[in-house]
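There are 2 protein chains.
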Amino acid sequence: MKKAPTIRDVAATAGVSVSVVSRVLNDGSVAPATRERVVAAIAELGFRPRAAARELNGAGLTIGLVLADLTNPFFARVADRIVWEARARGVQVVLMTTQEDPHIEAETLATLLDRSVGGVIATPTGGNIDQWSRLQEVGVDLVFVDRSIAALENTDVVSIQNDASAATATEHLIGLGHDRIGLISGPLSTSTGTARIAGYQAALARAGIPSDTELVRGVPFRGGAGADAVAALLSLPEPPTALIVANTAQVQSSMRQLYQMGIEIPQQLSVIVFDDNPWTELVSPPLSVIRQPIDMLARHSVDLVLGRMQGKLPVGPRIIEVQAEFVSRSSSATRSVASPTAHDAVSHP
Amino acid sequence: MKKAPTIRDVAATAGVSVSVVSRVLNDGSVAPATRERVVAAIAELGFRPRAAARELNGAGLTIGLVLADLTNPFFARVADRIVWEARARGVQVVLMTTQEDPHIEAETLATLLDRSVGGVIATPTGGNIDQWSRLQEVGVDLVFVDRSIAALENTDVVSIQNDASAATATEHLIGLGHDRIGLISGPLSTSTGTARIAGYQAALARAGIPSDTELVRGVPFRGGAGADAVAALLSLPEPPTALIVANTAQVQSSMRQLYQMGIEIPQQLSVIVFDDNPWTELVSPPLSVIRQPIDMLARHSVDLVLGRMQGKLPVGPRIIEVQAEFVSRSSSATRSVASPTAHDAVSHP
DNA sequence: TTGTAAGCGTTATCAT
DNA sequence: ATGATAACGCTTACAA
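Chains as they are written, first to last, in the working numbering: chain A, 358 to 706; chain B, 358 to 706.
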């Protein structure tokens, strides 16, 4: 259990002072000849600067990643890519999850302070507005990914074009002859929720279809809310013939509910869900999806935090929206004449 | 951007020395009256010890989590639970992924050294044996979860009862009349791979069924190896009538291949896969699975590292095996007379 | 039981 | 361009 070489050891074997070594470690200016000797010494000793010591000086290269729920394939992939991108830049990631619980999130934010992280990438629950901004006040660079909070106007955000994507999905269904399209979306407290609803309504409006507020369900991210919304939607007197599950966090529970109810897709109900993953085309029928370019989300997020941390970015919040791709599969089809539920519904000729 | 209170501030407002504060922070012995005053001061100032400073003294409470691939729902859930369990104990988690690449893993291990983490929970790729043991020599407590490396005998391991689980699945299929059962397993360099194969063979032996080595495929964790193995297995002159995908990392690609080949399940081929997730019962037909108690794996892993880090555990490696549950669904059924491929196979009467 | 003081490994501030 | 040296915030012998 012999100890690792320190910067002092390097300085000694290179015949220079610690400050010189520190300079070559960072981007300081050092005489070419000297630098070479130091580099050699570093290699020879296998020296690696200790992250803890750096962080103590506020010079650490560690970011916090606050995700809602790793159980959701979408967030899992986001984590995967972010860790990947961070690693490529020599940055470590401390992972924390909120389980969509603002209380846990608050605790998490407190912990983040102790960690001396320089930046944070997060999918906020929607609450803890004060805590988030306090984090920023302490100098921690913050960037929201996927979701954001309207009240926090001064924060960088990376997400897909939520409105446009929702509109695309809606238009696709309209083109298929549907005029009662259900929408299960995220909470109105997040930009994701409002944007997707906006896109949906815009598409409806353009097609001259009146938008029925009953068909729009803004469900919270956590819990079985997705399933409940599905059930509620289908038990409407005039149930939708098509459904868009625009709440990424709830696709699984929504789909499960649909299958459990024995709804025939797309005969009884056309379905489009936000977020693609390897399983969506394995279920029957294969699902039409909005595929989010997760790698882009990740890359931009990491670039942003790091850019901020190194002060290489102009002031003012950066809003980056990447394009999502609509993938049409078998779960969305032409509207059939029959009503989706067995109400013995009288058709209006 | 005013600075956070330090331990010295607390000491001052409590009218004691820093060491006393440090003692109440940790488990030190302090006079009840004094302790109370210190606690009050801490609360009043909202003091929180900085992780970096602690780690510099080797007293940090941070663990490294080295996972293969967050894209795989199994590992994602493992991460989710481990982060959860860690948080419950006031421990932070630095996440790193290897993408099943030993080279990246090596890099990761180096980084772990700089991080001054006290412990590491990992799913090793199978390589980097020297590096892993060096990590241990430096005093980092290591526990493998899910997978392990045979050569590293002195390491704690938490996993499911791989042999028993594989045996259960095999017996289930045998009971269904199958005698040619394919097995796609992990690499032989990991305990997971060998154990699952062993269980499978044991079950076969008990039933008096000769084990055909051609039916067993130990495929590497990364890449599309699972799909290839499936294809190879089914193009055998005497293809299996049942298949166990015992390589958790490859279920997705294996299933995809099966669907793409248009294999009818379970008519042409009965299938059982290791690892359950929300989608397995949404695909058609719903998959029979070995459900791994991920929460148990996580809890034990965290308990182990922390136990080691605090020296509260007897010496000698700890091998914890939790029980997995076999869930029978529609993908496994009685063997049909027909051969799974259209070879116009001559039946041997 | 409590206090003093010496680190822990870097970075940052000055001089030189 | 380089070198002392003081922080950084905490833990931990060692004293009292």
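The beta carbon of each residue, even a glycine, is placed where N, CA and C say it ideally should be.
Practice prompt. For chain A, find out if any of its Cβ atoms is closer than 8 Å to the Cβ of residue 636 (chain B); answer yes or no.
Written response: For this step, residue 636 (chain B) is matched to residue 279 along the second sequence. Taking a beta-carbon distance threshold of 8 Å, residue 636 (chain B) counts as an interface residue toward chain A.
Fill in: Inter-residue spacing [alpha-carbon to alpha-carbon] between residue 558 (chain B) and residue 504 (chain A)
Along the second sequence, read from residue 1 onward, the residue named residue 558 (chain B) stands at position 201. Along the first sequence, read from residue 1 onward, the residue named residue 504 (chain A) stands at position 147. Roughly 50 Å separates the two Cα atoms.
Worksheet item: What separation, rounded to the nearest whole angstrom, lies between the Cα atoms of residue 580 (chain A) and residue 518 (chain A)?
Response: Within the first sequence, residue 580 (chain A) is the residue found at index 223, counting from 1. Within the first sequence, residue 518 (chain A) is the residue found at index 161, counting from 1. So the two alpha carbons sit approximately 26 Å from each other.
Worksheet item: In this structure, what does DSSP give as the bridge partners for residue 449 (chain B)?
Response: Numbered from its first residue, the second sequence carries residue 449 (chain B) at position 92. B:419.
Practice prompt. Alpha carbon to alpha carbon, how far is residue 568 (chain B) from residue 499 (chain B)? Give it in angstroms, no decimals.
Written response: Along the second sequence, one-based indexing puts residue 499 (chain B) at 142. Along the second sequence, one-based indexing puts residue 568 (chain B) at 211. Residue 568 (chain B) has its alpha-carbon roughly 36 Å from the corresponding atom of residue 499 (chain B).
Worksheet item: Assuming residue 373 (chain B) contacts residue 391 (chain B) under a Cβ cut-off of 8 Å, what Cβ separation, rounded to an integer in Å, is found between them?
Response: Residue mapping note: residue 373 (chain B) aligns to position 16 of the second sequence, counting from 1. Residue mapping note: residue 391 (chain B) aligns to position 34 of the second sequence, counting from 1. With a beta-carbon spacing of about 6 Å, residue 373 (chain B) and residue 391 (chain B) fall inside the 8 Å limit used to define contacts.
Worksheet item: Excluding five sequence neighbours on each side, which residues of the same chain lie with their C-beta closer than 6 Å to the C-beta of residue 564 (chain A)?
Response: Position 207 of the first sequence, counted from the first residue, corresponds to residue 564 (chain A). Excluding positions up to five away in sequence, the list reads 531.
Fill in: Residue-level contact to chain B via CB, residue 711 (chain A), 8 Å cutoff
In the structure as shown, chain A starts at 358 and stops at 706, and residue 711 (chain A) therefore has no counterpart that could be examined.
Discussion item. Looking at residue 639 (chain B): is its Cβ nearer than 8 Å to the Cβ of residue 616 (chain A)?
Written reply: Residue 639 (chain B) sits at position 282 when you count from the first residue of the second sequence. Residue 616 (chain A) sits at position 259 when you count from the first residue of the first sequence. Yes, Cβ-Cβ distance for residue 639 (chain B) and residue 616 (chain A) is below 8 Å.
Fill in: C-beta neighbour in chain A for residue 703 (chain B), strict 8 Å
Here residue 703 (chain B) refers to the residue found at position 346 when the second sequence is read from its first residue. Annotation note: pLDDT 35 at residue 703 (chain B) (below 50); position unreliable, no value reported.
Fill in: Closest Cα partner of residue 435 (chain B) within the set B:561, B:632, B:483, B:541
The sequence position of residue 435 (chain B) within the second sequence is 78, counting from 1. The candidate whose alpha carbon is nearest that of residue 435 (chain B) is B:632.
Item to complete: Could you list which residues in chain A have their beta carbon closer than 7 Å to that of residue 412 (chain B), in chain order?
Response: The residue you call residue 412 (chain B) lines up with position 55 of the second sequence. Under the 7 Å cutoff, chain A gives 409.
Item to complete: Evaluate residue 628 (chain B) with the Cβ neighbour count: other Cβ atoms within 10 Å of its Cβ, from every protein chain shown; 16 or more gives buried, anything less gives exposed.
Response: Translated into positions along the second sequence, residue 628 (chain B) becomes position 271. Counting Cβ neighbours within 10 Å, residue 628 (chain B) comes out buried, since at least 16 surround it.
Practice prompt. Kindly list, in the order they appear in chain A, the residues whose Cβ is closer than 8 Å to that of residue 641 (chain B).
Written response: For the purposes of this step, residue 641 (chain B) is taken as residue 284 along the second sequence, with counting starting at 1. Here the neighbours are 640, 641.
Worksheet item: chain A beta carbons: is any one of them nearer than 8 Å to that of residue 698 (chain B)?
Response: Here residue 698 (chain B) refers to the residue found at position 341 of the second sequence. The pLDDT assigned to residue 698 (chain B) is 48, lower than 50, so where the model puts this residue is not dependable; a value taken from the coordinates is nonetheless given after this. No, because no Cβ of chain A sits closer than 8 Å to the Cβ of residue 698 (chain B).
Fill in: DSSP three-state assignment for residue 497 (chain A), whether helix, strand or coil
As a position in the first sequence, residue 497 (chain A) is number 140, starting the count at 1. Here residue 497 (chain A) sits in coil by DSSP.
Item to complete: Whole angstroms is fine: what's the gap from residue 457 (chain B)'s alpha carbon to residue 651 (chain B)'s?
Response: On the second sequence, residue 457 (chain B) is found 100 positions in, with the first residue counted as 1. On the second sequence, residue 651 (chain B) is found 294 positions in, with the first residue counted as 1. Near 20 Å, if we compare the C-alpha coordinates of residue 651 (chain B) and residue 457 (chain B).
Worksheet entry | Contact check, residue 418 (chain B) vs residue 385 (chain B), beta carbons under 8 Å | Taking the second sequence and counting its residues from 1, the one referred to as residue 418 (chain B) is at position 61. Taking the second sequence and counting its residues from 1, the one referred to as residue 385 (chain B) is at position 28. Not closer than 8 Å, so no.
Discussion item. With a threshold of 8 Å between beta carbons, is residue 374 (chain B) in contact with chain A?
Written reply: On the second sequence, position 17 is the one that residue 374 (chain B) refers to. Taking Cβ atoms only, chain A never reaches closer than 8 Å to residue 374 (chain B), which makes this a no.
Fill in: Uninterrupted beta strand (DSSP E) stretches inside the segment 565-621 of chain A (no shorter than 3 residues)
573-575, 599-602
Worksheet item: Is it the case that the Cβ atoms of residue 611 (chain B) and residue 602 (chain B) are separated by a distance below 8 Å?
Response: For the purposes of this step, residue 611 (chain B) is taken as residue 254 along the second sequence, with counting starting at 1. For the purposes of this step, residue 602 (chain B) is taken as residue 245 along the second sequence, with counting starting at 1. Against a cut-off of 8 Å, the Cβ pair of residue 602 (chain B) and residue 611 (chain B) comes out as a contact.
Practice prompt. Note down, in chain order, every chain A residue with its Cβ under 9 Å from the Cβ of residue 473 (chain B).
Written response: Reading the second sequence from its first residue, position 116 is the one you call residue 473 (chain B). Within chain A, the residues near residue 473 (chain B) are 407, 408, 409, 410.
Discussion item. So residue 586 (chain B) and residue 576 (chain B) are supposed to be a Cβ contact under 8 Å. How far apart are they, rounded?
Written reply: Position 229 of the second sequence holds residue 586 (chain B). Position 219 of the second sequence holds residue 576 (chain B). About 5 Å; that satisfies the 8 Å criterion.
Worksheet item: From residue 673 (chain A) to residue 497 (chain A), what does the alpha carbon distance come to, in whole angstroms?
Response: Here residue 673 (chain A) refers to the residue found at position 316 of the first sequence. Here residue 497 (chain A) refers to the residue found at position 140 of the first sequence. Each residue's alpha carbon lies about 15 Å from the other.
Item to complete: Select from A:461, A:541, A:655, A:680 the residue whose C-alpha is nearest the C-alpha of residue 583 (chain A).
Response: Translated into positions along the first sequence, residue 583 (chain A) becomes position 226. Measuring from the Cα of residue 583 (chain A), the nearest candidate turns out to be A:541.
Worksheet item: Does any CB atom of chain B fall closer than 8 Å to the CB of residue 444 (chain A)?
Response: Residue mapping note: residue 444 (chain A) aligns to position 87 of the first sequence, counting from 1. By this cut-off, residue 444 (chain A) is an interface position.
Fill in: Sequence-distant residues of the same chain with beta carbon closer than 7 Å to residue 595 (chain B), five excluded per side
Along the second sequence, one-based indexing puts residue 595 (chain B) at 238. Here the set comprises 537.
Discussion item. Helix, strand or coil for residue 527 (chain A)? Go by DSSP, reduced to three states.
Written reply: For this step, residue 527 (chain A) is matched to residue 170 along the first sequence. It is helical.
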